[in-house]
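**Student:**
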Amino acid sequence: MDFELPEETRMLQSLVRRFVDEELLPIEGRALEREAKGGPLTPPREELEPLWTKARALGLAGLDVPAELGGSDIGAIAKTVVTEELSRSIVPFAFPPDSPNLHMMLRTVNDEQREKYLLPYARGETVSGIAISEPDAGSDPSRMRTRAVPERGGWTIRGHKIWISRMRESEFTIVMAVTDPEKGSRGGITAFIVEKDTPGMIVTREIVMLAGYRTYEVVFDDCWVADSQVLGPIGQGFAPMQHRLTVRRLEIGGWAIGLAQRALEMMIEHAKTRVTFGQPLAERQTVQWWIADAETQIRATRLLIREAAWRLERGEDIRTDASMIKVVGTEVASEVIDHALQVFGAMGLAKDLPLQIMYQLVRAYRIMEGPSEVHRWVVARRILATH
121 MDFELPEETR MLQSLVRRFV DEELLPIEGR ALEREAKGGP LTPPREELEP
171 LWTKARALGL AGLDVPAELG GSDIGAIAKT VVTEELSRSI VPFAFPPDSP
221 NLHMMLRTVN DEQREKYLLP YARGETVSGI AISEPDAGSD PSRMRTRAVP
271 ERGGWTIRGH KIWISRMRES EFTIVMAVTD PEKGSRGGIT AFIVEKDTPG
321 MIVTREIVML AGYRTYEVVF DDCWVADSQV LGPIGQGFAP MQHRLTVRRL
371 EIGGWAIGLA QRALEMMIEH AKTRVTFGQP LAERQTVQWW IADAETQIRA
421 TRLLIREAAW RLERGEDIRT DASMIKVVGT EVASEVIDHA LQVFGAMGLA
471 KDLPLQIMYQ LVRAYRIMEG PSEVHRWVVA RRILATH
């Protein structure tokens, strides 16, 4: 493995960094103000549309979309670089389309679904969500209770989902449902495409989360969909869903390290200028150790992420790698941001600085797409089985 990034990847990294510096960092103040007043951190649509237009003009849309679908197909390593750079800002923004659902659909769509759902999504013209978690079934899919039964030449979905992102703006949602309770996750879970405003798909609650994010609770009350909206073979939805989760977990590692890098840069700058008891904080051994540890841990985690991306490009199974990255990335970032808050003191707690949002975000990352405890269990189980 060559540790030097190719020139085209370094150029892309520089382009994304400039986009963040020029387009996202300047609007962080408005995002922080909205969140401080109880609103969402995410910019309103009138702010997002110019950002999407600029991203497309710079060639930053469809980065990991296959070339045959009109994308750049940059590869997993380059995508981790982009993810890390983009997450230096606390403004929620992603170059369209959202990668995990893209990669799930690439593995499952038929020709009709390719034209109707995948191509517009790959072009960034539509937004999608996914409904997996349930009130009693989060990290354990064997407890999934939402059912889909064949009726009237299609399928009727009945059940209850929660913690769904982008529900309000999604043109369609991928819904995971049990089609064979006896088989469960081993051949009994199917994915369905449910379009916005489908009768029986009822948004019952908007849930305000840390850092101003919103998720949604949804009830499926005799929600009927056609056979044409079954995504992939019946009963074979679990493996593509797991692939989607693996892609997201790799992304979360990049999100966390991007935030940690930003926190480290803020900590260094403040430590050099803040004087206490006649000395800059940068001359205090405790602060020096925090900076040294942060640089070491960020670099080590970055290498772990790059190796996993390299393995993914080679077609290897990286589910265990993704679990390790999910744990170490989020926990390293938690420690780095916590130390940065300590260096800034009361100022770090203020709502007009991004550190408190970064702290909330990385705390949420330790639970999203599976908590650290479950991922440690996954890694340990794999190690014990192979030694």
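Residue numbering for the sequence shown follows my numbering, starting at 121 and increasing by one per position. The beta carbon of each residue, even a glycine, is placed where N, CA and C say it ideally should be.
#1: If you check the beta carbons only, do Gly182 and Gly191 fall under 7 Å apart?
#2: Beta carbon of Ala402, beta carbon of Ala391: below 7 Å?
#3: What residues in its chain sit with their C-beta under 7 Å from that of Gln399, if we drop five residues either side in the sequence?
#4: Hey, could you find the ends of the alpha helix (DSSP H) Tyr479 is sitting in?
#5: Name the two residues that bound the continuous beta strand (DSSP E) containing Ala268.
#6: Identify every residue that forms a DSSP beta bridge with Leu351.
#7: Could you pull the start and end residues of the beta strand (DSSP E) that Arg439 belongs to?
#8: So, are the CB atoms of Ile284 and Ala251 less than 7 Å apart?
#9: Roughly how many angstroms lie between the CA atoms of Ser209 and Thr299, to the nearest whole one?
#10: Would you report the Cα separation of Arg422 and Val136, rounded to the nearest angstrom?
#11: Going by C-alpha distance, which of Ala198, Gly490, Glu169 is nearest Arg130?
#12: Do three or more CB pairs link the segment 227-235 to the segment 150-164 at distances below 8 Å?
#13: Once DSSP output is grouped into helix, strand and coil, what is the label at Ile252?
#14: Expressed to the nearest angstrom, what Euclidean distance is found between the alpha-carbon atoms of Gly449 and Ile457?
#15: Any idea what DSSP makes of His280, helix, strand or coil?
**Tutor:** This is what the structure gives:
#1: Residue numbering aside, residue 182 sits at position 62 when the sequence shown is read from its first letter. Residue numbering aside, residue 191 sits at position 71 when the sequence shown is read from its first letter. Yes, they are a contact pair.
#2: Indexing the sequence shown from 1 puts residue 402 at position 282. Indexing the sequence shown from 1 puts residue 391 at position 271. Yes, the Cβ-Cβ distance between Ala402 and Ala391 is below 7 Å.
#3: In the sequence shown, counting from the first residue as 1, residue 399 sits at position 279. Nothing meets the Cβ criterion.
#4: For this step, residue 479 is matched to residue 359 along the sequence shown. Note, Tyr479: alpha helix (DSSP H), 475-485.
#5: Translated into positions along the sequence shown, residue 268 becomes position 148. Per DSSP, Ala268 belongs to the beta strand (DSSP E) from 267-271.
#6: In the sequence shown, the residue the question calls residue 351 occupies position 231. Looking at the DSSP assignment, Leu351 forms a beta bridge with Ala311.
#7: The sequence position of residue 439 within the sequence shown is 319, counting from 1. No beta strand (DSSP E) contains Arg439, which is instead part of the alpha helix (DSSP H) from 439-464.
#8: Walking along the sequence shown from the start, residue 284 turns up at place 164. Walking along the sequence shown from the start, residue 251 turns up at place 131. It is a contact, given that the beta carbons lie within the stated cut-off.
#9: Against the sequence shown, residue 209 aligns to sequence position 89. Against the sequence shown, residue 299 aligns to sequence position 179. Using only the alpha carbons, I get a separation of about 41 Å.
#10: Your numbering for residue 422 matches position 302 in the sequence shown. Your numbering for residue 136 matches position 16 in the sequence shown. One C-alpha to the other measures close to 17 Å.
#11: Counting from one through the sequence shown, the residue named residue 130 turns up at place 10. Closest option to Arg130, Cα to Cα, is Ala198.
#12: no
#13: The residue labelled residue 252 in the question sits at position 132 within the sequence shown. In this structure, Ile252 counts as coil in the three-state DSSP scheme.
#14: Residue 449 sits at position 329 when you count from the first residue of the sequence shown. Residue 457 sits at position 337 when you count from the first residue of the sequence shown. One C-alpha to the other measures close to 12 Å.
#15: As a working note, residue 280 is residue 160 in the sequence shown. If DSSP states are grouped into helix, strand and coil, His280 belongs with the strands.
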